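Sequence positions in the sequence shown follow mature numbering (1 follows the signal peptide of the UniProt record, and there is no 0) and run -23 to -1, 1 to 333. Cβ coordinates follow ideal geometry from the N, Cα and C atoms, glycine included. Model, not experiment: these values are computed from the prediction.
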Amino acid sequence: MRFLDLILLVITVSSCFLSEVCSSLLNGCDLFQGSWVYDESYPIYDSSKCPFVGGGFDCQGNGRPDNSYLKYRWSPSGCEIPRFDGQDFLKRYEGKSIMFVGDSLSHNQWRSFSCMLHAAVPNMNYTESAERGGMFYLNFTDYKVSLVFIRNVYLVDLVVENSERILKIDTISSGDAWKNADVAIFNTWHWWLHTGRLQAWDKIQEGNMTYKDLDRVVAFEKGLTTWSKWVGQNINHQTTQVYYLGISPVHYNGTEWGSPGRRTTCANQTEPIGGSVYPGGQISGQPVVQRVLSKMTSPVYLLDVTLLSQLRKDGHPSQYTNKEHKGLDCSHWCNAGVPDTWNHLFYASIALPNLC
Ligand SMILES: *[C@@H]1O[C@H](CO)[C@@H](O)[C@H](O)[C@H]1NC(C)=O
Ligand SMILES: *[C@@H]1O[C@H](CO)[C@@H](O)[C@H](O)[C@H]1NC(C)=O
Ligand SMILES: *[C@@H]1O[C@H](CO)[C@@H](O)[C@H](O)[C@H]1NC(C)=O
Ligand SMILES: *[C@@H]1O[C@H](CO)[C@@H](O)[C@H](O)[C@H]1NC(C)=O
Ligand SMILES: *[C@@H]1O[C@H](CO)[C@@H](O)[C@H](O)[C@H]1NC(C)=O
């Protein structure tokens, strides 16, 4: 997009709120409805030059042979998003901290954004802290912009009592660190579904009731509601902008996108799904996210990335998740790749300030 177009775009943006959830509508154009178009100028950064890619997300480094998946740009149906300008972001957010709180999808997003900013000013100085208690910390010291990832897969409390792991879906006691952020981008979903060996709790507790198990989508709604109340009671909206990253989809079942092969997964997928419709439909948690966020009385911006990510069956690490152990990862995303678009849309919400 040319500079003049951007000016025109900015001055024609209308202020629109969807109840209190900040809108993604730009003159009626939804930034999260659109399709992927091939763009030779992509990706936004060269992953081999980024020190923050992350081993499991470094598909090219792990030997992924194809690279056209790097060359798709998200194109909303009725409008354009401003080009990603990392220097502009660094200047706007000088002295500020951006915090990503959630599961490994937040980790994916944090690493992507670190690479996007790093590529904008390649010689930028930075300090990095080793992981401590699930917290990862990066500071681009020339701009004093810090990017923090806090691993917290449920947002609500997970405690050990009498050697039992209890998921307390109505309390949040680890939120103090989140209040210090200038921008906080939250996400939780995947761990609510885990069963068997991957299930991280033995019991669910709500008030004085305990459950051996609950319908997982019901539990998610209760947990997310607890989070939404916590935001309302604890976040000062004058100093902290709150975002929620919509559900990130997996691609383990090719039947969803009409693949003829019975066992088709994301493996060997090299192209996105064309058009603006995911044949597999909505994810069960999506209406929950809509419902909980629309009841919030404090402003929160939904980065509604589910559909655009659903169309990217080609964007996962698949067999290239790790150099040594080639498992199959159709849940996380390659960096560079799809999370760059999540962050680009985050940037758009800032560069088009009347959206929120
Ligand atoms: C990095 O720090 C050095 C020493 O302070 C400074 O000369 C240089 O300009 C910095 N780099 C950038 C890109 O600001
Ligand atoms: C980031 O680094 C700058 C420069 O060293 C420092 O002044 C600032 O306090 C750091 N930011 C945070 C959040 O620690
Ligand atoms: C459980 O909590 C509810 C509401 O706080 C209370 O009315 C009830 O008496 C409690 N039940 C037990 C067994 O403590
Ligand atoms: C795969 O997706 C199809 C179509 O949505 C569905 O009918 C089927 O149950 C799914 N299979 C599994 C194992 O989840
Ligand atoms: C992916 O492609 C490789 C190389 O052509 C092949 O060996 C492998 O079986 C394919 N995997 C799947 C799941 O289709």
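For F(-21), which residues in the same chain have their Cβ closer than 8 Å to its Cβ, ignoring the five residues on either side in sequence? Low local confidence applies: a pLDDT of 43 at F(-21) is under 50, so the model's placement there is unreliable, with the coordinate-based value given in what follows. Cβ neighbours of F(-21) beyond the five flanking positions: none.
Would you say the segment 296 to 305 touches the segment 218 to 226, given that touching needs at least three Cβ pairs under 8 Å? no
For G112, the three-state DSSP class (helix, strand or coil): Contrary to the premise, residue 112 reads as Met rather than Gly in this sequence. Strand.
Ligand 1 heavy atoms versus the CB of N100: any closer than 7 Å? yes
Alpha carbon of Y70 to alpha carbon of V122, nearest angstrom: 6 Å
Any heavy atom of ligand 1 closer than 7 Å to the CB of D119? yes
Whole angstroms is fine: what's the gap from F117's alpha carbon to F197's? 35 Å
Under a three-way DSSP split, which group does F61 fall into? coil
Please find out if some non-hydrogen atom of ligand 4 comes closer than 7 Å to the beta-carbon of G257. yes
Answer yes or no: do D317 and P28 have a C-beta to C-beta separation smaller than 8 Å? no
Could you tell me the boundaries of the beta strand (DSSP E) in which K180 lies? K180 to E183
So, is R289 buried or exposed, given that buried needs 16 or more other C-beta atoms within 10 angstroms? buried
Classify Y278 as buried or exposed, calling it buried when 16 or more other Cβ atoms lie within 10 Å of its own Cβ. buried
Between the C-alpha atoms of F126 and F66, what's the straight-line distance to the nearest angstrom? 18 Å
Name the DSSP bridge partner or partners of T148? None; T148 has no bridge partner.
T318 beta carbon near ligand 4 (any heavy atom closer than 7 Å): no
Going by C-alpha distance, which of F113, I146, V98 and E105 is nearest K206? I146
Give the secondary structure of D317 by DSSP, where H, G and I count as helix, E and B as strand, and everything else as coil. helix
Any heavy atom of ligand 4 inside 7 Å of the beta-carbon of T241? no
Can N230 be considered in contact with ligand 4, in the sense that its beta carbon sits closer than 7 Å to one or more heavy atoms? yes
Compute the distance between the beta-carbons of L47 and A244, then report whether it is under 8 Å. no
Mark S150 as exposed unless 16 or more other C-beta atoms lie within 10 angstroms of its C-beta, in which case mark it buried. exposed
So does N213 have its beta carbon nearer than 7 Å to some heavy atom of ligand 2? no
Which runs of the alpha helix (DSSP H) fall wholly inside the segment 171 to 219 and span at least 4 residues, in chain order? 193 to 211
Check whether the Cβ of E108 lies closer than 7 Å to any heavy atom of ligand 6, and answer yes or no. The model depicted lacks ligand 6 and carries ligand 1, ligand 2, ligand 3, ligand 4 and ligand 5 instead.
Would you kindly check if the distance between the Cβ of G63 and the Cβ of L94 is under 8 Å? yes
For P249, which three-state DSSP category applies? coil
Taking 8 Å as the threshold (C-beta atoms), are A158 and T203 in contact? no
Is DSSP giving C6 helix, strand or coil here? strand
In the DSSP assignment, find the alpha helix (DSSP H) that holds D153 and state where it starts and stops. D153 to K156
Which of the three DSSP states, helix, strand or coil, is assigned to I327? helix
Proximity to Q215 [Cα-Cα], best of H171, L285, S275 and D153: S275
In whole angstroms, give me the CA-to-CA distance for Y188 and H167. 20 Å
Could you name the residues of the same chain whose beta carbon sits closer than 8 Å to that of S54, not counting the 5 residues immediately before and after it, in chain order? C6, D7, Q10, G11, S12 and S253
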